[in-house]
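Engineer: Before I ask anything, here is the structure I am working with.
Structure (structure tokens):
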């Protein structure tokens, strides 16, 4: 048997269900042939002694061949679309001697659907053609001599299937062919576990652009957080995971299942967290514990969380009681009214307390009890320590009653009687007082040697509490009873008003003097502008103006940077609309973004027509910073409302996955769209696209927003060729952008689209956006060609610094290239405003004849935008070369006969090389200046000047 050499191999990594495989059939296949002498059934044994069922036909010598081979009836099971894999060999007609022109090198594949087998009668008219099958490799007579036959593998799709089963049929019309094997199968999305949810085998839909939504079931011991969903794609791939399940209490996630916590571990809350080891002095004795039980003698308070260690009393002291006792033990009363405890008598966490204001001739008993949160749970009796303190028996006695002699708005005069029975001399009196409303918070005291005092510095119309005690050589007596007296309020209002006037006048005079001094200082040092910038940043001004309704232009809002919000969620709330995820229907995946998949789908809004949308999803496993960066773009887009700015429909932030929903742009990004339709549009259509982009950028510029990443890849195109600016994320660092390069500040920016001052100093403005717009113009007119081609980013930077500018693309009107050059002025203040760009493009659209002169023809020059491009005129070749710092080539130009500016203006890159300019950078600089000189000469000729 000749050895089979594969000419093609098909890998099928996607799980499939095989309906028929002739290589695995042990007995006869029983397929039918019509006519009988057409196809021959041949069964041979391979090297592993397994049968190989082949069908062969080679009636190439006879004309008008029509040989049919029909399979048995095949049940389609759950398939909607089936795949037929054919492996066959085919002989090259040219290698067959004496063959007539009837030899063919193809055969045909047919199928016929039925609900059941229909017997032996074969009717070719009932069969539907699938395809004509041709071989990638055919064998010759020489291959037969070497016993090597080249095996071809072809796969065809058949469907949609609606009946219970089908037949396959193979038609030979005069080929020399051997059908080695036939495999029939269908694809499915296999059973899978994702986010702790199981998803069953699912058969995809026939339509390759639609997805099958499948709801998952949480695995054992798991519960839903958000409804788990997957989408089955046409190729048997699971796409766009939504929602999730989490392990229940007492279970943790291990290998996509929920396993019970081992003894000694617990999990008190549902979620994707691991089981925790039991806290100290607690243990779990079984599997799947939700809480750990305290060991004997240890307790956990009712409000203690499960993570709290079990404890037992005592803990550090929490309570102190004091009793003042007489001669008999039962003559005790609480002493807290007269003593002061520092810091306090209750709730102590340290083992010390200071007690002051003892009375003489008294015994004090202190009860100290240690308490903690579980003291009441213990079965042991609570322990109380007792301490008894005696004060000096020779202390002074109490004074008589306090009497108010007079009162004013801020003073009170008090007097009292001296003690009648005092054995020791009185050294002085101490008067304690405090506001009645602020009792126990703080108090003041003063001393006097006389039995009277005037206490000043009080508040008007306020009640105060007073008490007094004596001091003798033996110490202090206890305080007298408390007396309450009020200050008067007769002059309070007037005094208050006078005080306020005095404060206001003083503050005004001082503030005015300070302002004059500060203003003079700032004017002298020239730092006024810095001072006011330090008081309020531009972003704060914008935000303040926006919130107060103040706008710089009538009808135009001011952009507010989301980074000015302390809480980014507030910016999302202010500028976006939350969408109920049940209103979104995801249909298919159309790409992958920085944060996750990008899908297309439909958005259903109550009372409105269902619309097509694009849905950006945030992939699972994100950190909070990624979620904030993902939603930041939405809080920017939500502030814009313009027909040439991508429209934000809303966001989904309250469920998973987090989504941003925007309008759907059928034609995708502008650069890819132009490359796919190279040369298909008129110049007017291209100018219309550029006009739309400029209009959107004018809107952004008027709002005070700088895009920073304007490029054709960030412009989206809808079915009506309307271009809309998108991708508002470059305020973030472009870490993954292949077009970016490192700058000296460590960030990344798209070099080929960025203005020189933004590359060197990160000075981004509407003027740097204008530079980028010029590059976009070049991309549009070149149908998506890469700016600066294969030059490295470093070469691009150096070339621009040397004055090189991109030449006009083929077929570019002079007017548009002139606008590009205007956008690429090195001095940013010389670049056109987007208002000027829109006006200029409108003028071109209204006057299409102005677009007829092409740069390669150099016939005429239209008006320039905004202001004329004023280039200096040169008297000689030498002056011109000096101006571009290429004076070393003066002799080259003169030797080659270029001695007038007119002759130089007609030079090409080949001419520059021919005169001896070998360095590529110098060639680019000279030819760029030649183009500028050429435009200048034409402009001067139009104005009537001659050089």
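Numbering (the numbering used here), first residue to last: 8 to 954. Yeah, the Cβ is synthetic: ideal placement off N, Cα and C, and Gly gets one too.
1. Buried or exposed: where does residue 921 fall if 16 or more other Cβ atoms within 10 Å of its Cβ makes it buried?
2. How many angstroms separate the CA atom of residue 597 from the CA atom of residue 246?
3. Considering only C-alpha positions, which residue in the set 47, 51, 43 and 434 is nearest to residue 30?
4. In whole angstroms, what is the alpha-carbon distance linking residue 65 and residue 689?
5. Tell me the DSSP secondary structure of residue 139 in three-state form.
6. The beta strand (DSSP E) spanning residue 472 covers which residue range?
7. Identify which residue in 638, 24, 678 and 77 has its Cα closest to the Cα of residue 36.
8. Out of 229, 302 and 244, which has the shortest C-alpha to C-alpha gap to residue 266?
9. Just verifying my parser: in three-state terms, what is the DSSP assignment at residue 100?
10. Helix, strand or coil: which one does DSSP assign to residue 241?
11. Short of 6 angstroms in beta carbon distance, which residues of its chain neighbour residue 60, apart from the five on each side in sequence? Order them along the chain.
12. Return the chain-ordered ranges of every alpha helix (DSSP H) run that is complete within the segment 618 to 657 and spans a minimum of 4 residues.
13. Check the C-beta distance from residue 724 over to residue 674 and give it rounded, since I have them as a contact under 8 angstroms.
14. Once DSSP output is grouped into helix, strand and coil, what is the label at residue 538?
15. State the Cα-Cα distance for the pair residue 871 and residue 594, rounded to the nearest angstrom.
16. In terms of residues, what are the limits of the alpha helix (DSSP H) holding residue 921?
17. State whether the segment 274 to 288 contacts the segment 233 to 240, with contact taken as three or more CB pairs (one from each stretch) at a distance under 8 angstroms.
18. By DSSP, does residue 296 sit in helix, in strand, or in coil?
19. In whole angstroms, what is the alpha-carbon distance linking residue 538 and residue 770?
20. Helix or strand or just coil, what does DSSP make of residue 415?
21. Counting only the same chain and skipping the five closest in sequence on each side, list residues whose C-beta sits under 6 angstroms from that of residue 363.
22. Write down the C-beta distance between residue 487 and residue 476 rounded to the nearest angstrom, noting that I regard them as a contact closer than 8 angstroms.
23. Could you pull the DSSP bridge partners for residue 27 from this structure?
24. Who are the near neighbours of residue 468 in its chain, counting only those whose CB is closer than 8 angstroms to its CB and skipping five residues on each side?
25. Could you give the C-beta distance for residue 123 and residue 171, rounded to a whole number, given that I count them as a contact under 8 angstroms?
26. Just to confirm my understanding: we take residue 164, look at its own chain, exclude 5 residues before and 5 after, and list those with CB closer than 7 angstroms. What are they?
27. May I ask you to report which of helix, strand or coil DSSP gives residue 745?
28. Please say whether residue 672 and residue 643 have beta carbons closer to each other than 9 angstroms?
29. Quick check: the Cα distance between residue 937 and residue 845, rounded to an integer number of angstroms?
30. My understanding is that residue 421 touches residue 462, with C-beta atoms under 8 angstroms, so please give their C-beta distance in whole angstroms.
31. Provide the residue span of the alpha helix (DSSP H) that contains residue 360, from first to last.
32. Could you tell me if residue 608 is buried or exposed, where buried requires 16 or more neighbouring beta carbons within 10 angstroms of its beta carbon?
33. Please go through the same chain and pick out, in chain order, the residues whose beta-carbon is closer than 7 angstroms to the beta-carbon of residue 697, but skip the five residues on each side of it.
34. If you drop the 5 nearest sequence neighbours on each side, which residues of the same chain put their C-beta closer than 8 angstroms to that of residue 455?
35. Between the segment 192 to 200 and the segment 209 to 222, do three or more beta carbon pairs fall short of 8 angstroms?
36. Under three-state DSSP, which class holds residue 235?
Structural biologist: According to the data block:
1. exposed
2. The straight-line gap separating the alpha-carbon atoms of residue 597 and residue 246 is approximately 11 angstroms.
3. Comparing Cα-Cα distances from residue 30 to each of 47, 51, 43 and 434, the minimum goes to 51.
4. A straight-line Cα-Cα distance of about 55 angstroms links residue 65 and residue 689.
5. strand
6. 470 to 479
7. 77
8. With distances taken between Cα atoms, residue 266 lies closest to 229.
9. helix
10. coil
11. The residues are 29, 36 and 50.
12. 631 to 644
13. 4 angstroms
14. Because the pLDDT at residue 538 is just 33, under 50, the model does not fix this residue reliably, and the point stays unresolved.
15. The pLDDT assigned to residue 871 is 37, lower than 50, so where the model puts this residue is not dependable, and the model offers no usable value.
16. 916 to 921
17. no
18. coil
19. Low per-residue confidence applies at residue 538: pLDDT is 33, beneath 50, and the placement is therefore not dependable, though the value from the model is reported in the following sentence. Cα to Cα, residue 538 sits roughly 21 angstroms from residue 770.
20. coil
21. 347
22. 7 angstroms
23. 191
24. 416, 493, 494, 495, 496 and 499
25. 7 angstroms
26. 88 and 90
27. At residue 745 the pLDDT is 44, less than 50, meaning the model places this residue with poor confidence; the figure from the coordinates comes in the next sentence. Here residue 745 sits in coil by DSSP.
28. no
29. 28 angstroms
30. That belief holds up - the Cβ atoms of residue 421 and residue 462 are roughly 7 angstroms apart, short of 8 angstroms.
31. Residue 360 -> no alpha helix (DSSP H), and no H or E assigned at all.
32. buried
33. Its chain contains 784, 787 and 848 as the residues whose beta carbon lies nearer than 7 angstroms to that of residue 697, once the 5 sequence neighbours on both sides are disregarded; these appear in chain order.
34. 435, 436 and 438
35. Segments in contact, yes.
36. strand
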